[in-house]
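Peer 1: Provided herewith is a single structure, encoded as structure tokens, for subsequent inquiry.
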Amino acid sequence: MCKNVPRAHRARQRGCPPVPLELSKLPFGIDTLLASLRADRDQRTPDHVANRFAALGVYTFRMSILGTTNLVTADPRNIQAILASQFNDFGMDATRSTNLKTVLGRSIFAADASLDGDDSHPGMEFHHAFERMVAVLGTRVRLRSFYWLYGTRELCSCVDTLHAFVDSAITASDMAKKEGSSQALYDFLNVLHERCSGGDEEVREQVLGLLAARRDTTASLMSWKWYCLLRNPRVFAKLRSEIISTFGCSPDGPSVTMTFASLKECTYLQHVLSETLRLHSVVPFNSRRALRDTILPMGGGPDGKSPIFIPEETEVNFSTHVLHRRKDLWGEEDADDFVPERWEKKRGAASAAWHFVPFNGGPRICIGQQLALTEAGYVLVRMLQRYDAVKGLDVDLTRDWHNFTVVCSPGSPVNRNQAVLCQLKLA
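Counted from 1, the sequence shown has number 366 at position 366 by UniProt numbering; the numbering is strictly sequential.
Structure follows, in structure tokens:
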């Protein structure tokens, strides 16, 4: 109350009417938090958030959970302001940064790198620790300021395993450099050593950040891509036809050389990737924290069309999942449908840059964007050269299932810890 009165006064001084408030039935928004946790358990978190927007009939609202009032938006003008035009007014959310720093330290959590494949026992330990770490972090992020109540001991155990594995790689890199190995000339860890002033500890943090950004995000895009294709045989057949005519019918036989440029010129392939990212954002929700008192362009008043006052330290959440499915932007009839053809003429919101932001935008746009699209496109071309049909073995055609941790991937109605299964037919 002590904070709300002066904030309301400052908002009135700036001519900013109140933002619609999502009401809670229980104190501290406990019912809202429990509903979110149930949605996560039922693998429907993105749809649950979309339903909250629909219930209020606006694309920007306030919510209060565990004593903290946040802003939630799916308005492209607000997202553009947060990520680009008012970039200096916003920073990373303090709670999320503190939570993730346990594992990722000073990394930017948006880049590309890889470690050698390893089927050994330490490699498998690293894999399992990473998987569990992502799951624990996903739950802790939902608990906001009370993240420390869940999974601290388990997370610390995972961190110890991850750190030991990366430290061994750093040691091996240092030894290769001292021995004059030719491999050391192209060792990415050496590059990090030269650029990082914090020694081995910062190198380790950057490596884990690179892995986190590189590993699950691209895998999620590839998974959603196949999920969409197995639910849309027409698109699969059309895409395969274009791939065969462009690149040939066999990855092992004579075929057209595949390059970055030729992948970009395969237009229907690019439309399929764009439509996949529109319907299924790898990161369907994101957040920033106001570094100072500022104003966003839309969301205030009963009609949501007035500017809104954002006090310093306010967390602003934005949903690309809701933005990318807005019927007023993408079409009343097919906004929720997988229609790659919509990109051929860039109809509707496809022509507006800030209506489609699967990789964010502005100064912190994902630097691995083109790598992810190239990898996803390359793998899809090679697989469709070899296989001429795909069938889902456990796909629920009545709804989407979302396995949402730090990123979002297709969930299985059979087992939430299991990927969606599909069957491919050799050509």
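Note that the Cβ used here is the ideal one computed from N, Cα and C, for glycine as well.
All of these numbers come straight from a predicted model, not from anything done at the bench.
Assuming the contact rule is C-beta atoms closer than 8 Å, H280 and W224 should be a hit. Round their C-beta distance to whole Å, please.
Peer 2: For the purposes of this step, residue 280 is taken as the residue at position 280 of the sequence shown. For the purposes of this step, residue 224 is taken as the residue at position 224 of the sequence shown. The Cβ separation is near 4 Å, so the contact holds.
Peer 1: Taking 7 Å as the threshold (C-beta atoms), are T161 and A129 in contact?
Peer 2: Here residue 129 refers to the residue found at position 129 of the sequence shown. Here residue 161 refers to the residue found at position 161 of the sequence shown. Closer than 7 Å, so yes.
Peer 1: Given a threshold of 16 other Cβ atoms within 10 Å of its Cβ, counted over all protein chains shown, does residue 444 qualify as buried or as exposed?
Peer 2: For residue 444 there is no data in the structure shown, the boundaries of the chain being 1 and 427.
Peer 1: With 16 other CB atoms within 10 Å as the buried threshold, where does A55 fall?
Peer 2: Numbered from its first residue, the sequence shown carries residue 55 at position 55. Result: exposed.
Peer 1: Taking the CB atoms as reference points, tell me whether L323 and I310 lie closer together than 7 Å.
Peer 2: Taking the sequence shown and counting its residues from 1, the one referred to as residue 323 is at position 323. Taking the sequence shown and counting its residues from 1, the one referred to as residue 310 is at position 310. Result no, Cβ atoms of L323 and I310 do not sit closer than 7 Å.
Peer 1: Quick check on DSSP: helix, strand or coil for I308?
Peer 2: Here residue 308 corresponds to residue number 308 of the sequence shown, with the count starting at 1. Three-state DSSP puts I308 in a strand.
Peer 1: Using DSSP's beta-bridge definition, name the partner residues of F61.
Peer 2: Along the sequence shown, one-based indexing puts residue 61 at 61. Its beta-bridge partners are V72.
Peer 1: Any idea if C16 is buried or exposed, counting beta-carbon neighbours within 10 angstroms, 16 or more meaning buried?
Peer 2: Residue 16 sits at position 16 when you count from the first residue of the sequence shown. With 16 or more other Cβ atoms within 10 Å, it is buried.
Peer 1: Pick from E242, A11, F126: whose alpha carbon is nearest that of L211?
Peer 2: One-based indexing of the sequence shown puts residue 211 at position 211. Residue F126 is the option with its Cα nearest to L211.
Peer 1: Mind checking whether H321 and P76 have CB atoms under 7 Å apart?
Peer 2: On the sequence shown, residue 321 is found 321 positions in, with the first residue counted as 1. On the sequence shown, residue 76 is found 76 positions in, with the first residue counted as 1. No, these two residues do not count as a Cβ contact at 7 Å.
Peer 1: Would you list, in sequence order, the uninterrupted alpha helix (DSSP H) runs of no fewer than 4 residues that lie entirely inside the segment 167-207?
Peer 2: Segments of the alpha helix (DSSP H) lying fully in the segment 167-207: 188-195.
Peer 1: Of all the options A335, S409, T294, which has the alpha carbon lying nearest to the alpha carbon of L221?
Peer 2: Taking the sequence shown and counting its residues from 1, the one referred to as residue 221 is at position 221. Out of A335, S409, T294, S409 has the C-alpha closest to the C-alpha of L221.
Peer 1: Among the residues of its own chain, which have a CB less than 6 Å from the CB of H271, if the five just before and after it don't count?
Peer 2: Within the sequence shown, numbered from 1, the residue matching residue 271 stands at position 271. So the qualifying residues of the chain are P340, W343.
Peer 1: State the beta-bridge partners of E265 as determined by DSSP.
Peer 2: Here the question's residue 265 lines up with position 265 in the sequence shown. Note: E265 sits in no beta bridge, so no partner.
Peer 1: Hey, is the segment 66-75 in contact with the segment 137-148, meaning 3+ C-beta pairs nearer than 8 Å?
Peer 2: Taking 8 Å as the limit for Cβ pairs, the verdict is that the segment 137-148 does touch the segment 66-75.
Peer 1: Could you name the residues of the same chain whose beta carbon sits closer than 6 Å to that of A35, not counting the 5 residues immediately before and after it, in chain order?
Peer 2: Counted from its first residue, the sequence shown places residue 35 at position 35. So the list is empty, once near-sequence residues are dropped.
Peer 1: Would you mind stating whether Q43 and W401 have Cβ atoms separated by less than 7 Å?
Peer 2: One-based indexing of the sequence shown puts residue 43 at position 43. One-based indexing of the sequence shown puts residue 401 at position 401. Result yes, Cβ atoms of Q43 and W401 sit closer than 7 Å.
Peer 1: Taking 8 Å as the threshold, find out whether the segment 235-250 comes into contact with the segment 375-385 through three or more Cβ pairs.
Peer 2: Touching, yes, given that three or more Cβ pairs across the two stretches are closer than 8 Å.
Peer 1: Starting from residue 429, follow its DSSP beta bridges and name the residues at the other end.
Peer 2: Past the edges of the chain, shown from 1 to 427, lies residue 429, and the structure says nothing about it.
Peer 1: Specify, as a first and last residue, the run of the alpha helix (DSSP H) that K346 falls within.
Peer 2: Here residue 346 refers to the residue found at position 346 when the sequence shown is read from its first residue. K346 -> no alpha helix (DSSP H), and no H or E assigned at all.
Peer 1: With distance defined between alpha-carbon atoms, name the residue in I82, F28, G29, A50 nearest to P363.
Peer 2: Residue 363 sits at position 363 when you count from the first residue of the sequence shown. Measuring from the Cα of P363, the nearest candidate turns out to be I82.
Peer 1: From F90, R240, R234, G151, pick the residue whose C-alpha is nearest to that of R289; which is it?
Peer 2: Along the sequence shown, read from residue 1 onward, the residue named residue 289 stands at position 289. If we check each option's Cα against that of R289, F90 comes out closest.
Peer 1: Identify which residue in G377, R38, E201, M175 has its Cα closest to the Cα of F260.
Peer 2: The sequence position of residue 260 within the sequence shown is 260, counting from 1. Selected option, being the one with the closest Cα: G377.
Peer 1: With burial defined as no fewer than 16 other Cβ atoms inside 10 Å of the residue's Cβ, what is the status of C228: buried or exposed?
Peer 2: Start at 1 with the first residue of the sequence shown, and residue 228 comes out as number 228. Label assigned to C228: buried.
Peer 1: Taking only the alpha-carbon atoms, compute the straight-line gap between G198 and L189 and give it to the nearest angstrom.
Peer 2: Residue 198 sits at position 198 when you count from the first residue of the sequence shown. Residue 189 sits at position 189 when you count from the first residue of the sequence shown. Rounded to whole angstroms, G198 to L189 spans 14 Å at the Cα level.
Peer 1: Could you name the residues of the same chain whose beta carbon sits closer than 6 Å to that of R52, not counting the 5 residues immediately before and after it, in chain order?
Peer 2: To locate residue 52, count along the sequence shown from 1; it is residue 52. So no residue of the chain qualifies.
Peer 1: Going by C-alpha to C-alpha distance, which of M124, D293, N317 sits closest to N360?
Peer 2: Within the sequence shown, numbered from 1, the residue matching residue 360 stands at position 360. Nearest of M124, D293, N317 to N360, Cα basis: N317.
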